[in-house]
Structures are given as structure tokens and as C-alpha cells.
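To keep things clear, I will list the structure first and then write my remarks on it.
Residue numbers (our numbering): 5 to 136.
Structure (C-alpha cells):
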């Protein structure tokens with residue numbers, strides 16, 4: 005199995021690779037949690053987020069993402085960008101708990117034009133929002 009950083013290098017943004025940062029227009033929200041030894045956790049994301057793995061150097065987590073044909077071994081320091089609505093599973097095969105965090109940003113309320121642009125032309129909407 006390839007390590008997560010090597011696997012992510014071959015994929016584009018569509019696979020959630022941490023290429024750049026999430027929008028920092030709003031307040032940052034960070035949620036810390038632990039995946040206990042030999043346990044699995046699963047959830048569906050309510051907003052775009054970055055998953056970071058912390059903890060001891062010898063620890064790693066197994067990441068499975070809904071509708072992604074690949075599974076990933078994540079080690080401390082790895083960051084994965086996840087999309088709103090996506091379901092993920094994390095499994096620990098370590099003998100101790102592994103700390104991880106989800107970082108997201110509160111989205112500022114957009115006007116009608118920005119919402120419409122975001123729906124039909126996301127790249128244009130980002131430029132429009134930055135100009136406001």
C-alpha cells in the first residue's frame with residue numbers, strides 16, 4: 005500500500021487533495037477528536053474541511069471515502085481536503101488512540117448574485133466574492 009502523500013500526489017483536486025487552503029473569509033472552526041485503538045469512526049461532513057492527523061510518529065490511520073475507489077494510510081502531518089456532504093471512515097490499527105482534527109471555515113452570507121454564480125460558475129463566483 006502506498007503512503008497517503010505519494011497516492012495524493014497523483015490525484016487532482018477532485019479527489020480532495022489538500023491543494024491550497026479552504027476559503028478563509030469566515031471564522032475558523034477546529035474540532036479535535038481521537039480514534040481509539042482498533043476502532044472505526046464514521047461521519048458525513050456538513051461543510052468543506054481539512055482533515056489533519058496528529059500524534060506519535062509511528063501511528064497511522066486508514067481513511068476510506070465514499071465514492072472514492074482508493075483507501076489511504078494517513079500518518080501524522082498528513083492533510084486531506086474533504087468536501088461537504090462526503091461520508092468518511094477512519095480506522096485505527098494502532099495500540100493507542102490517535103489524535104486528528106477537522107478544520108473548516110464559517111461561510112459569510114452571500115448575496116443573490118454570488119449564490120447564483122457559485123451554483124453555475126464556481127470559479128467566477130470566487131473571483132466575484134473576492135472583489136466585493
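Glycine included, every Cβ here is placed at the ideal spot set by N, Cα and C. All values reported here derive from a predicted model rather than from experimental measurement.
Exercise. Per DSSP, residue 67 forms a beta bridge with which residues?
Worked result: Paired residue(s): 76 and 94.
For this session: Quick one: give me the first and last residue of the beta strand (DSSP E) that residue 108 is part of.
Result: It spans 102-109 - the beta strand (DSSP E) in which residue 108 sits, taken as one unbroken run.
Problem set entry | CB contact flag (residue 96, residue 39, <8 Å) | A contact, by the Cβ cut-off of 8 Å.
For this session: Please name the residue, chosen from 75, 101, 43 and 52, that lies closest to residue 146 on a Cα-to-Cα basis.
Result: The requested residue 146 does not occur in the structure, where the chain is confined to residues 5 to 136.
Exercise. If we ignore side chains and look at the alpha-carbon of each, how far apart do residue 129 and residue 117 end up?
Worked result: Low confidence applies to residue 129: its pLDDT is 47, below 50, so where it sits in the model is not reliable, and the reading given next is rough at best. About 9 Å.
Exercise. For the beta strand (DSSP E) that residue 86 lies in, which residues bound it at each end?
Worked result: Start and end: 83-86.
Exercise. For residue 80, which of 67, 49, 46 and 31 has the nearest alpha-carbon?
Worked result: Nearest to residue 80 by alpha-carbon distance, out of 67, 49, 46 and 31, is 67.
Exercise. Taking the continuous beta strand (DSSP E) assigned at residue 41, which residues delimit it?
Worked result: Membership of residue 41 in any beta strand (DSSP E) is not indicated, and neither H nor E is assigned to it by DSSP.
Exercise. Is it buried or exposed for residue 78, if we count other Cβ within 10 angstroms and need 16 for buried?
Worked result: Per the 10 Å Cβ criterion, buried.
Problem set entry | Contacting residues, own chain, Cβ-Cβ under 6 Å from residue 48 (five flanking each side not counted) | Here the set comprises 91.
Problem set entry | Coarse secondary structure for residue 136, derived from DSSP in three states | Only weak support exists for where residue 136 lies, its pLDDT of 47 falling under 50; the coordinates are left without a value.
Exercise. Alpha carbon to alpha carbon, what distance is there between residue 124 and residue 82?
Worked result: About 32 Å.
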